[in-house]
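Residue numbers (our numbering): 2 to 554.
Positions of the beta carbon are idealized from the N, C-alpha and C atoms, including for glycine.
For clarity, every value in this text was computed on a predicted model and none was experimentally measured.
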């Protein structure tokens, strides 16, 4: 144990303070400076004590705290007359559930009601909109605009979404934010789908971060911490476990990870737990592993793990059981033997609900009509013959068992464990085109225009040495987002009366005809061949038409 001693003079006396600790501090990732102070007081009488401490700090450090900027915030949102009187007498601001807006602390909102959160988020949206309008004046290419949207526009809200959970107010705000960012990127018509913009550049997108998916992915870190052993430096995980226990009545959080939909209604009153439940629902299902100790199976709800046996009528439909009934209600842990005992009767199993389930599982009491999954069935003693032959299992000493088998597929060949999953990999897993971009493409596949090009061709396109603003029209061309007359006639038939090409007058103008298909434009392409000195490659008019067709396709 490391012990450090600090000595200083106070009122003529020498004071020695010993600060000891046996736990190594967490590694420092980034340092930032903040001069804001947050103090929790239990009663107005402690205000004078706080002032004396701050005065002592000021005399020791030659720094002064600006008391006039202090805001007194009610943790419960209830207005307290004693605190309100203190705020009035000292000229401080008081904030509770009746206040109009939220209190900003380190860039995060402290709020009691959804209207306060809405007011704060509206202010952030106005700032993003104003910044977007300024950036539009620069007329960046689609490549530069995508980079700016991620680094300048959306980066303003990442730190906010890391803490503020999703909800009705946040969801509607995210839609408005998405609209602002999309209008900044796509100022042309026909537009490009949001999901296409969020594709990596090697698949024809601009690598835009899907802010709705990001709002969920940013909370993945809290689940990943729960998958690791408890740390004394992590107070959030302990609070999450405690909150889940209070609102569901379950001691273990394993059922929540395995069956999040079963508990979503119970945690809906806690925004943080509700948001994490949505995240769990979008992750791959966590299934029991053969490497788990049998002790973990006691925490699982019977309605989710029991199944019926064909041709044998069960005493009760397992799906109708209340989620509060667990495997531990029909079996129990034998720590001396290291087994889960499912054959020894228990006084508590005289229940009209649990007793039939216990008998239907026991192999020594007639035909079995209810069974556990194979992984669980092989580790739970359900017959006297297996009582002393069942391999010993270890007890549970952490919040969660080893979940390295819980993975998210990166491609058709690789997968990453959820405990070490990156935000980008998670967003790609959620992308609607994930099945197409992660599998080998081959006929017959009906794909969007931009996915017909291989990643190698898209990399070549983005690395071309041409003016930055030239990328946008060519990118639109490769995405079939050019307003030719066929599209205009379909959208505005009263203004564009015919889909025929205006120059030749008889052929329907689709994208191919608009670019290279019309014979009237052959003179333009011949000039292009001459300008680029491609006469040896395309010596005749017919070869020019064929070459530009190949280039277009």
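task: Find the nearest neighbour of residue 179 within the set 190, 129 and 220, judged by alpha-carbon distance.
output: One-based indexing of the chain shown puts residue 179 at position 178. The option with the nearest alpha carbon to residue 179 is 129.
- prompt: Quick one: what's residue 328 bridged to in DSSP?
  reply: Along the chain shown, read from residue 1 onward, the residue named residue 328 stands at position 327. DSSP output for residue 328 lists no bridge partner at all.
field: Those runs of the alpha helix (DSSP H) which lie wholly inside the stretch 198-255 and span at least 4 residues
entry: 212-218, 221-227 and 236-249
message: Am I right that residue 399 and residue 439 are in contact with their C-beta atoms under 8 Å? What's the rounded C-beta distance?
response: By one-based count along the chain shown, residue 399 stands at place 398. By one-based count along the chain shown, residue 439 stands at place 438. With a Cβ gap of about 33 Å, residue 399 and residue 439 do not count as contacting.
- prompt: Going by DSSP, what residues sit across from residue 501 in a beta bridge?
  reply: Taking the chain shown and counting its residues from 1, one reaches residue 501 at position 500. Looking at the DSSP assignment, residue 501 forms a beta bridge with 509.
task: Drop a sphere of 10 angstroms on the beta-carbon of residue 345, count the other beta-carbons inside from all chains shown, and report buried for 16 or more, exposed for fewer.
output: By 1-based counting over the chain shown, the position of residue 345 is 344. Residue 345 counts as exposed, since fewer than 16 other beta carbons sit within 10 angstroms of its beta carbon.
message: Buried or exposed, going by whether 16 or more other CB atoms sit within 10 Å of the CB of residue 1?
response: The requested residue 1 is not part of the displayed model; the chain covers only 2 to 554.
- prompt: Since residue 74 sits in a beta bridge, which residues does DSSP pair it with?
  reply: As a working mapping, residue 74 is identified with position 73 in the chain shown. Paired residues: 96.
Limits of the unbroken alpha helix (DSSP H) element including residue 264: The residue you call residue 264 lines up with position 263 of the chain shown. Counting along the chain, the alpha helix (DSSP H) containing residue 264 begins and ends at 261-264.
field: Which residues DSSP lists as bridging residue 340, in chain order
entry: Stepping through the chain shown from its first residue, residue 340 is reached at position 339. According to DSSP, residue 340 bridges with 335.
message: Helix, strand or coil, according to DSSP, for residue 190 in the structure here?
response: On the chain shown, position 189 is the one that residue 190 refers to. Residue state, collapsed to three classes: coil.
- request: Return the chain-ordered ranges of every alpha helix (DSSP H) run that is complete within the stretch 257-317 and spans a minimum of 4 residues.
  value: 261-264, 272-283 and 303-306
- prompt: How many Å lie between residue 81 and residue 102 at the Cα?
  reply: The residue you call residue 81 lines up with position 80 of the chain shown. The residue you call residue 102 lines up with position 101 of the chain shown. Roughly 18 Å separates the two Cα atoms.
query: In three-state DSSP terms, what is residue 110?
result: Here residue 110 refers to the residue found at position 109 when the chain shown is read from its first residue. Looking at residue 110 - three-state DSSP - the assignment turns out to be strand.
message: Check this for me: beta carbons of residue 200 and residue 192, under 8 Å apart or not?
response: Position 199 of the chain shown holds residue 200. Position 191 of the chain shown holds residue 192. No, Cβ-Cβ distance for residue 200 and residue 192 is not below 8 Å.
- request: Assuming residue 470 contacts residue 142 (C-beta within less than 8 Å), just tell me the rounded distance between them.
  value: One-based indexing of the chain shown puts residue 470 at position 469. One-based indexing of the chain shown puts residue 142 at position 141. Yes, residue 470 and residue 142 are in contact; Cβ-Cβ is about 5 Å, under 8 Å.
query: Going by C-alpha distance, which of 63, 229, 173 and 95 is nearest residue 70?
result: For the purposes of this step, residue 70 is taken as residue 69 along the chain shown, with counting starting at 1. Out of 63, 229, 173 and 95, 95 has the C-alpha closest to the C-alpha of residue 70.
- prompt: Can at least three beta-carbon pairs, one atom from the stretch 506-519 and one from the stretch 466-486, be found at a separation below 8 Å?
  reply: yes
message: In chain order, what are the residue ranges of uninterrupted alpha helix (DSSP H) at least 4 long that sit wholly in the stretch 126-196?
response: 143-149, 156-164 and 169-186
- request: Following the continuous alpha helix (DSSP H) through residue 530, name the residue where it begins and the one where it ends.
  value: The residue given as residue 530 occupies position 529 in the chain shown. Residue 530 -> alpha helix (DSSP H) spans 523-532.
field: residue 49 versus residue 84 - alpha carbon distance
entry: The residue given as residue 49 occupies position 48 in the chain shown. The residue given as residue 84 occupies position 83 in the chain shown. Their Cα atoms are separated by approximately 13 Å.
message: Between the alpha carbons of residue 393 and residue 248, how many angstroms are there, rounded?
response: Taking the first residue of the chain shown as position 1, residue 393 is located at position 392. Taking the first residue of the chain shown as position 1, residue 248 is located at position 247. Each residue's Cα considered, the two are about 34 Å apart.
query: What number of angstroms, rounded off, separates the C-alpha of residue 166 from the C-alpha of residue 280?
result: Here residue 166 refers to the residue found at position 165 of the chain shown. Here residue 280 refers to the residue found at position 279 of the chain shown. For residue 166 and residue 280, the distance between alpha carbons rounds to 11 Å.
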